[in-house]
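Input: a single structure, listed below in C-alpha cells.
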Amino acid sequence: VYGPFLPLLRSPKLLERVAGVGEYLRFDSVLDVRIRELATCAAARHVTNQFEWLMHAPLALKAGVTPSTIEALRVGARPRDLPAEEEVALDFSFELLRNHGASQATYEAAHRQFGEQGVVELTALLGYFVMVSWLMNVAHTPAQAGAQGEALQAFPL
Numbered sequence: 001v002y003g004p005f006l007p008l009l010r011s012p013k014l015l016e017r018v019a020g021v022g023e024y025l026r027f028d029s030v031l032d033v034r035i036r037e038l039a040t041c042a043a044a045r046h047v048t049n050q051f052e053w054l055m056h057a058p059l060a061l062k063a064g065v066t067p068s069t070i071e072a073l074r075v076g077a078r079p080r081d082l083p084a085e086e087e088v089a090l091d092f093s094f095e096l097l098r099n100h101g102a103s104q105a106t107y108e109a110a111h112r113q114f115g116e117q118g119v120v121e122l123t124a125l126l127g128y129f130v131m132v133s134w135l136m137n138v139a140h141t142p143a144q145a146g147a148q149g150e151a152l153q154a155f156p157l
C-alpha cells in the first residue's frame with residue numbers, strides 16, 4: 001500500500017471506491033495516455049503534491065510530453081509551443097483548477113478536441129488527482145522511496 005491509499009486505509013470502503021475510480025481514469029479512460037498524464041501533472045503541480053508529481057512526470061515524459069513542458073509546469077510557468085491537443089487540455093485544466101469551472105469557450109474547445117465523454121473524464125481525472133493529493137498533503141504522505149526527479153516548490157501566497 002502506498003501513496004493516497006495510506007491515508008485511505010482509515011476508511012476501507014472509501015479506499016475501495018476511490019481505487020476503482022482511479023483505476024478507470026488512469027488505465028481505461030477514452031483520453032489518450034499523454035493527455036491523462038499531462039493533466040495529472042497539472043493537478044499535482046496545482047496542489048503541490050510531491051508523490052503524484054514525482055510519479056507522473058516520468059510517465060508523462062514516457063507518453064510523449066516534452067521535457068520542456070514538464071519543466072514549465074514544475075516551475076509554475078505556462079508551457080509554450082504545445083501540440084493543439086495538449087494546449088486544449090491544459091487550457092481546460094488550468095481554468096478548472098483555478099476557477100472551479102470552465103468558460104463556455106474553453107468547454108467548447110475541449111468538447112471539439114475530446115468529445116463529450118472525454119471532457120467528462122478529463123474533469124473527473126482532475127478532480128480525482130486533486131482529491132488524492134489533498135488526502136496525501138493532509139496526511140503528509142511522502143513521495144515514493146527512490147522517486148526520481150526534481151521536487152515541487154510551494155507557490156508563494
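The sequence shown begins at 1 in our numbering and counts up one residue at a time. No residue lacks a Cβ here, since even glycine has one placed at the ideal position from N, Cα and C. Note that the structure is predicted; figures quoted are calculated from it, not measured.
Close Cβ partners of residue i (< 7 Å) along its chain, the five nearest in sequence each way excluded
i       : result
Phe-155 : Thr-48 and Gly-76
Ala-63  : Val-33, Arg-34 and Glu-37
Per-residue DSSP class, three states only, for residue i
i       : result
Pro-12  : helix
His-100 : coil
Asp-91  : helix
Asn-49  : coil
Leu-82  : coil
Phe-155 : coil
Pro-142 : coil
Pro-58  : helix
Thr-66  : coil
Gly-118 : helix
Pro-4   : coil
Asp-32  : coil
Other residues of its chain near residue i: CB distance less than 8 Å, five sequence neighbours each side excluded
i       : result
Arg-80  : Ser-68 and Ala-72
Leu-9   : Val-1 and Leu-15
Thr-142 : Residue identity check: residue 142 is Pro in the sequence provided, not Thr. Within the same chain, Pro-142 has close Cβ partners Gln-50 and Phe-51.
Leu-97  : Ala-42, Ala-43, His-46, Leu-126 and Val-130
Whole-number beta carbon distance between residue j and residue i, since they are thought to touch under 8 Å
i      : j       : result
Arg-78 : Glu-150 : Actually they are not in contact, since the Cβ atoms of Arg-78 and Glu-150 sit about 18 Å apart, beyond 8 Å.
Leu-6  : Ala-139 : 7 Å
Distance cut-off 6 Å: residue i Cβ against heavy atoms of the ligand ATP
i       : result
Gln-117 : For the structure depicted, the ligand ATP is absent and the ligand set is empty, with no information on it obtainable.
Contact with chain B by residue i, beta-carbon distance below 7 Å
i      : result
Leu-82 : Chain labels in this structure do not include chain B; a single protein chain is all it has.
- prompt: Between the stretch 14-28 and the stretch 108-120, do three or more beta carbon pairs fall short of 8 Å?
  reply: no
- prompt: Within the chosen definition, does the stretch 31-49 reach the stretch 130-138 through at least 3 CB pairs nearer than 8 Å?
  reply: yes
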